[in-house]
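What follows is one structure encoded as structure tokens, with my remarks underneath.
Pasting the structure below:
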């Protein structure tokens, strides 16, 4: 059985090792957030805790407990610190990513360092503003697709993995049916231009 396991750096050290040692073998371990616990965002303890977590992940990967190790919600600054202090590149960085939050600098950094960017909240995390955006709706109409399919295709055309969630069979099927078309360069640029630094989930940027 393989799966992805996400852990917060709240459980660093002995507890982390014990929890991971007792878990099922996973395909991927992710450090869920660059901060955690009762620490303030600007606490220097955040950086040291990330290294403890990362070293634990590296040990477990060496022991064959997981195939890959990665991070989630890490900014460029967090990634730079991790690489500088450990020399080990995450396989994945899972972040919020959609046209309202087009993290171009993070995308380019991950591309340069062979880190696969994986998007969550691609469809707006239950907020209808993204799905009802007139620009996205227009492009969807041009392709005879839904706005959700356009949003997923936009991410895929940026070479980003997507993990949309649904419990409805028709939507699950719809989410898979995005491989039979591509967005034009103009359409991609139009959607890139929707960026407004809008987050539907948490913001990791204040974490030192």
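In the working numbering, the protein residues as written are 5 to 212.
We put the beta carbon where it would ideally sit given N, CA and C, even for glycine.
Using beta-carbon positions only, say whether residue 244 and residue 164 come within less than 8 angstroms of one another. The structure shown has nothing for residue 244, since the chain only spans 5 to 212.
Identify every run of the alpha helix (DSSP H) within the segment 36–84, keeping only runs that are complete inside it and at least 4 residues long; order them along the chain. 49–66
Could you tell me which residues DSSP pairs with residue 113 in its beta bridges? The partner list for residue 113 (beta bridge, DSSP) is empty, contrary to what the question assumes.
Are residue 97 and residue 75 touching if we call contact CB-CB under 8 angstroms? yes
Alpha carbons only, please: which of 66, 115 and 82 is nearest the one belonging to residue 35? 82
I'd like the list of long-range same chain contacts for residue 33, defined as Cβ closer than 6 angstroms, with 5 residues on each side in sequence excluded. 9, 61, 70 and 73
Which residues bound the alpha helix (DSSP H) around residue 173? 173–180
For residue 59 and residue 144, I'd like the C-alpha separation in whole angstroms. 45 angstroms
Residue 137 - containing alpha helix (DSSP H), residue span: Premise fails: residue 137 is in no alpha helix (DSSP H) and is neither H nor E.
Count the other C-beta atoms from every protein chain shown that fall within 10 angstroms of the C-beta of residue 115, then say buried if there are 16 or more, exposed otherwise. exposed
Looking at chain D, is there any beta carbon in it that lies within less than 8 angstroms of the beta carbon of residue 58? In the structure shown, chain D does not exist; there is a single protein chain.
When the Cα atoms are used, what is the spatial distance from residue 131 to residue 107? 19 angstroms
Report the rounded CA-to-CA distance for residue 172 versus residue 204, giving the unit in angstroms. 22 angstroms
In the structure shown, what three-state DSSP assignment does residue 152 receive? helix
For residue 168, which residues of its own chain have a beta-carbon under 7 angstroms away from its beta-carbon, when the five flanking residues on both sides are left out? 126, 127, 156 and 179
Considering only residues of the segment 183–209, which uninterrupted alpha helix (DSSP H) runs meet the minimum length of 4 residues and lie entirely inside it, listed in chain order? 189–196
Keeping to the same chain, check which residues put their C-beta closer than 8 angstroms to that of residue 198; ignore five residues upstream and five downstream. 103, 104, 106, 137, 139 and 140
From the DSSP output, read off the bridge partner residues of residue 97. 75 and 121
Applying the criterion that 16 or more other CB atoms from any shown protein chain within 10 Å of the CB defines a buried residue, is residue 119 buried or exposed? buried
Alpha-carbon spacing of residue 64 relative to residue 52, whole angstroms: 19 angstroms
Considering only C-alpha positions, which residue in the set 149, 39, 68 and 166 is nearest to residue 184? 149
Do residue 90 and residue 117 have their C-beta atoms within less than 8 angstroms of each other? no
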